[in-house]
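Structure record follows, encoded as C-alpha cells.
There are 2 protein chains.
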Amino acid sequence: MDLADTKTKILDSAEKLFAAKGFAATSLRNITSEANVNLAAINYHFDSKDKLIYEVFARRMIPINKERIRLLDEIEAKNVDQPPHPKEIVRALVAPLLRAANNPDLYLGDILLRLFARLHIESEEKMREMFKGLMGAVIQRFIQAFRKSLPDLEEADFFWRVYFMIGVMAHSVDTQKLNLISHGCCDTSDVEGIIDRMVNFITPGLTAPATKKE
Amino acid sequence: MDLADTKTKILDSAEKLFAAKGFAATSLRNITSEANVNLAAINYHFDSKDKLIYEVFARRMIPINKERIRLLDEIEAKNVDQPPHPKEIVRALVAPLLRAANNPDLYLGDILLRLFARLHIESEEKMREMFKGLMGAVIQRFIQAFRKSLPDLEEADFFWRVYFMIGVMAHSVDTQKLNLISHGCCDTSDVEGIIDRMVNFITPGLTAPATKKE
DNA sequence: GTCTATAGGGGGATAGAC
DNA sequence: GTCTATCCCCCTATAGAC
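Chains A and B supply the protein sequences, listed in that same order.
When we follow this note's numbering, the leftmost residue of the first sequence carries the number 1, and every step to the right adds one.
When we follow this note's numbering, the leftmost residue of the second sequence carries the number 215, and every step to the right adds one.
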C-alpha cells in the first residue's frame, strides 16, 4: 500500500479525509500527514487545494459516468423500435454508482459514496462549476432517455420526479445512517440487493399517475 | 429588521451563512459582520461556535417536529381501528418541513431548507449527537407508525424504503439544483404542490410489492 | 451587554536548498 | 521531486475597559 507514488497517496488520503470531514474542515496538513508525504508536495502536484478537490472527484466520477453511458447505450440498442422501460434506465443510472463502493480494486467502502453525497450538497460556486463539468453531459443523456420513456407525463411532474429520484440516489450512497434506525437488520454489503431495492422504490414513483391538484 | 436583539441577529445571520457555505467554511467573523454585531457577542451569548450551531438548528427543528407529531396524533386519532394509509403518514412527515420554508413569519426561503439538507450530510461526531438529540424521538414515532401501516413488508425491505424516503425529503428541500435541469418549468414557490408531488412519488415506492431476488 | 485588543494557534501557499 | 523554513493571513476564544 505504501508502494503507491506520492500523487496517488495524496489522492487516496484526501479522498478519505474529505469524505469524513468535508472540504473546508480538512486541511492540507491533515492530508499530508495521513499520506506520509511532505506538505509542499500538494502544491507541487496539484497547484492548489481547489484543484486537488477537483482531481479527487474526477478520478472516481469519470469511470462511473462512462459505465452509466455504456449501460444506457446497451439498453437503447436493444430497444430501437420503442423506448425502454423506465426501470431499465433507473438501473443504468444507479448501479454503476453503487457498485463503485464495493469494487475490490478500490477498497473504498462508504468513503467514495459519502464523497458524492457531499458534492451534491455543496453550494459554493466552484463546486457548482465542477459538478456541471463532470456531470452535465451524463445528466442530459439520461434526462432525454427518461423523457422518451415517460412521454405522457406533464413536464413539471417529469422534472420533479427526476429530482426526487436523484435525491434517493444521492442520499442513499451513504448507508451509515441506515444502521442508526434499522438496528442492523439491513445488509449494507449486498450491493446488488441495494440496487434492486432502490430500482424497485424509484420506478413506481416515476411511473405513477399524474399529480392532480387536490 | 434591525430591531431584533443581538442574539436573534446572530442566529439569523449564522443560519443564512451556514446554509450557504457550510459550518467549517463560515467563520464567526463572517457571522458578526453580516449581523452588524461585535465579534465577542457570539461567545458572550453562545459560549462557542459548536453551541451556536446547535442553537441554530434547534430553533427551527423543534417547532417542525412538534407539528409533525401533532399531525401524526391527529391521523392516528382518526384511525383507531385500523392503521392509517402510509400516504397520510408520509404527508405528516414531509409537509411541516417543506412548509417551514414559506412561513411568512420567517422570511427564510430556501435557506432553512438547505440547512437541514446539510445537516443530513454532515458526518462529524458532534453533528451525529446533535441530530440524535433533536430527531431521535420523532424518527422512532414515525417508524412505528409506518411499520403498523406496512405490516406485510419484510423488515429489511421496510427499513430500506424508509431510508430512501428520507433521501427524497432531505435532498429535495433544496430546490436550487432542480432549476439547473428543468430550465425553469417547475414552480418551486408552490409549496403545497411540491408536498403533493413528493407524497405521490414516495407512496408507491413504499407500498410496492416486496423486492425479490432477481 | 457591548466594546477593543490581543493571545495563541492553524491555515494555504511559496522560496530555495538538495 | 522532495525537503525545510517561513510568510502572512484568518481563525476561535478570552481578558478587561466601559
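Just so you know, even glycine gets a beta-carbon here, dropped at the ideal spot from N, CA and C.
All of these numbers come straight from a predicted model, not from anything done at the bench.
Name the chain A residues that come within less than 7 Å of residue i, Cβ to Cβ?
i              : result
residue 159(B) : Residue 159(B) lies beyond the residue range present for chain B, which begins at 215 and ends at 428; the question has no answer from this structure.
residue 352(B) : Residues of chain A passing the Cβ test: none, with the nearest at roughly 12 Å.
residue 418(B) : 204, 205 and 208
residue 380(B) : 171
Give the interface partners of residue i over in chain A, defined as CB-CB distance under 9 Å, in chain order.
i              : result
residue 369(B) : 182, 185 and 186
Look at the alpha carbon of residue i and the alpha carbon of residue j, and state the distance between them as a whole number of angstroms.
i              : j              : result
residue 152(A) : residue 195(A) : 26 Å
residue 315(B) : residue 274(B) : 10 Å
residue 360(B) : residue 300(B) : 6 Å
residue 317(B) : residue 150(A) : 34 Å
residue 68(A)  : residue 169(A) : 14 Å
residue 63(A)  : residue 27(A)  : 27 Å
residue 329(B) : residue 80(A)  : 45 Å
residue 72(A)  : residue 173(A) : 21 Å
residue 198(A) : residue 381(B) : 11 Å
residue 311(B) : residue 407(B) : 14 Å
residue 128(A) : residue 50(A)  : 13 Å
residue 346(B) : residue 180(A) : 9 Å
residue 414(B) : residue 354(B) : 23 Å
residue 284(B) : residue 349(B) : 15 Å
residue 358(B) : residue 425(B) : 21 Å
residue 421(B) : residue 117(A) : 26 Å
residue 234(B) : residue 154(A) : 32 Å
residue 239(B) : residue 25(A)  : 8 Å
residue 75(A)  : residue 288(B) : 47 Å
Buried or exposed: which applies to residue i, given that a residue is buried once 16 or more other Cβ atoms fall within 10 Å of its Cβ?
i              : result
residue 12(A)  : buried
residue 185(A) : exposed
residue 258(B) : exposed
residue 423(B) : exposed
residue 302(B) : buried
residue 189(A) : exposed
residue 58(A)  : exposed
residue 183(A) : exposed
residue 306(B) : buried
residue 236(B) : buried
residue 47(A)  : exposed
residue 371(B) : buried
residue 333(B) : buried
residue 161(A) : buried
residue 4(A)   : exposed
residue 291(B) : exposed
Just the chain A side, please: which residues come within less than 8 Å of residue i by C-beta, in chain order?
i              : result
residue 347(B) : Residues of chain A passing the Cβ test: none, with the nearest at roughly 13 Å.
residue 373(B) : 178, 181, 182, 185 and 186
Name the chain B residues whose beta carbon is nearer than 9 Å to that of residue i?
i             : result
residue 92(A) : Going along chain B, no residue has its Cβ under 9 Å from residue 92(A), so there is no contact; the nearest lies around 15 Å.
For a contact meaning CB atoms closer than 7 Å, what does residue i contact in chain B?
i              : result
residue 163(A) : 386 and 392
residue 141(A) : Going along chain B, no residue has its Cβ under 7 Å from residue 141(A), so there is no contact; the nearest lies around 12 Å.
residue 25(A)  : 238
Which stretch, first to last residue, makes up the alpha helix (DSSP H) that contains residue i?
i              : result
residue 308(B) : 300-314
residue 297(B) : That residue, residue 297(B), is in no alpha helix (DSSP H); it is neither H nor E in DSSP.
residue 159(A) : 155-172
residue 225(B) : 220-235
residue 38(A)  : That residue, residue 38(A), is in no alpha helix (DSSP H); it is neither H nor E in DSSP.
residue 182(A) : 176-182
residue 196(A) : 191-207
Quick one: residues in its chain with C-beta nearer than 8 Å to the C-beta of residue i, no 5 flanking neighbours on either side, listed in chain order?
i              : result
residue 230(B) : 248 and 325
residue 37(A)  : 6, 9 and 10
residue 401(B) : 407
residue 56(A)  : 11, 14, 15, 18 and 115
What does a CB cutoff of less than 7 Å around residue i pick up in its chain, not counting 5 residues either side in sequence?
i              : result
residue 164(A) : 205
residue 39(A)  : 28, 29 and 32
residue 54(A)  : 130
residue 42(A)  : 10, 28, 31, 32 and 52
residue 392(B) : 400 and 402
residue 416(B) : 304, 379 and 382
residue 313(B) : 405
In chain order, what residues of the same chain lie with their CB nearer than 6 Å to the CB of residue i, ignoring the 5 residues before and after it?
i              : result
residue 279(B) : 352
residue 297(B) : 362 and 363
residue 142(A) : 93
residue 309(B) : 409
By the criterion of Cβ-Cβ separation under 8 Å, what are the contact partners of residue i in chain B?
i              : result
residue 101(A) : Ordered by position in chain B, no residue passes the 8 Å Cβ test against residue 101(A), which lies about 15 Å from the chain.
residue 95(A)  : Result: empty, since nearest Cβ-Cβ is about 12 Å, beyond 8 Å.
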